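Data first, discussion second: the structure below is written as structure tokens.
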Amino acid sequence: MEKYHTKLKISELKKWEKNPKKHRDDLIEKSISEFGYIDDIVVDENNRILSGHGRLEALKKLGYKEVDVIRVTGLTEEQKEKYALLVNKSVEAGGWDLELLEEFDEDLLSDAGFEDSEIDEIFSDMDVIPYSDSELSPYGIPVSKSQNIVQVGHIIESVNRKQEIFDYVINEKTTS
5 MEKYHTKLKI SELKKWEKNP KKHRDDLIEK SISEFGYIDD IVVDENNRIL SGHGRLEALK
65 KLGYKEVDVI RVTGLTEEQK EKYALLVNKS VEAGGWDLEL LEEFDEDLLS DAGFEDSEID
125 EIFSDMDVIP YSDSELSPYG IPVSKSQNIV QVGHIIESVN RKQEIFDYVI NEKTTS
């Protein structure tokens, strides 16, 4: 597998027709609008998106014509599909550390897309299950035995997590 950064015209990017992930387009657009385009779209050698469909839609709405992408070559079709699913599932499975979220201002949380019910939960007196009562998910993420609370002690930067997933997919394929 080879990975490198390049620039592509928005019109050259191709959506993956099997992409099952839904997005909060308004939040993605808001993030890019306020902070710029930070988290690069990942494409294969044919410019097909493996990660970043929501970002593509937001970039189109915001009038971008060209963007930086991460191009990955040398993956089989099965590896591409597995990567696309894992990178999205890992974000979904991550959860939030409610104690750390309590340190943020409620208005900031609301502005970042947290629903009122989520903010109420963050600032309630709910006891968070400690890691010692937890077991690890297949991705190494602590999950409570009741499966009701997922804890992550820190937020993993998206780019670093994507590299871990690339490595996992490649290692899984070469050891099978």
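By the working numbering, the letter at position 13 of the sequence shown is numbered 17, and the numbering carries on one by one without gaps. The beta-carbon is built from N, C-alpha and C at its ideal position, and this holds for glycine as well. Computed from a prediction, not measured in an experiment: that's the story for all the values here.
Along the chain, where does the beta strand (DSSP E) that runs through residue i open and close?
i      : result
Ser-15 : No beta strand (DSSP E) holds Ser-15; DSSP gives it neither H nor E.
Arg-75 : 70 to 77
Taking the DSSP output, what are the residues bridged to residue i?
i       : result
Val-91  : DSSP output for Val-91 lists no bridge partner at all.
His-181 : Residue 181 falls outside the range modelled here, since the chain spans only 5 to 180, and no answer is possible.
Terminal residues of the continuous alpha helix (DSSP H) containing residue i?
i       : result
Arg-52  : No alpha helix (DSSP H) contains Arg-52, which DSSP labels as neither H nor E.
Gly-58  : 57 to 65
Ile-42  : Taken as a continuous stretch (DSSP letters only), Ile-42 belongs to no alpha helix (DSSP H), as it is neither H nor E.
Glu-107 : Taken as a continuous stretch (DSSP letters only), Glu-107 belongs to no alpha helix (DSSP H), as it is neither H nor E.
Glu-125 : 120 to 126
Assuming residue i and residue j form a contact by the criterion Cβ under 8 Å, report the distance between their Cβ atoms to the nearest whole angstrom.
i      : j      : result
Val-71 : Ile-36 : That belief does not hold up - the Cβ atoms of Val-71 and Ile-36 are roughly 10 Å apart, past 8 Å.
Glu-61 : Asp-29 : 6 Å
Asn-51 : Leu-17 : 6 Å
Thr-77 : Glu-49 : 4 Å
Just to confirm, are residue i and residue j a CB contact at a threshold of 7 Å?
i       : j       : result
Arg-59  : Ile-45  : yes
Ile-126 : Leu-105 : yes
Leu-63  : Gly-117 : no
Lys-19  : Ile-53  : yes
Glu-33  : Lys-65  : yes
Ser-55  : Val-91  : yes
Please return the same chain residues whose Cβ sits closer than 6 Å to the Cβ of residue i, not counting the five positions on each side in sequence.
i       : result
Val-47  : Ile-53, Val-73 and Arg-75
Glu-110 : Ile-123
Asn-23  : His-57
What residues in its chain sit with their C-beta under 8 Å from that of residue i, if we drop five residues either side in the sequence?
i      : result
Lys-11 : Glu-70, Val-71, Asp-72 and Val-73
Tyr-68 : Ile-14 and Tyr-41
Glu-85 : Lys-22
His-9  : Asp-44, Asp-72, Val-73, Ile-74 and Arg-75
For residue i, which residues from the same chain have a beta carbon less than 7 Å from its beta carbon, with the 5 sequence-adjacent residues on both sides left out?
i      : result
Lys-25 : His-57 and Asn-92
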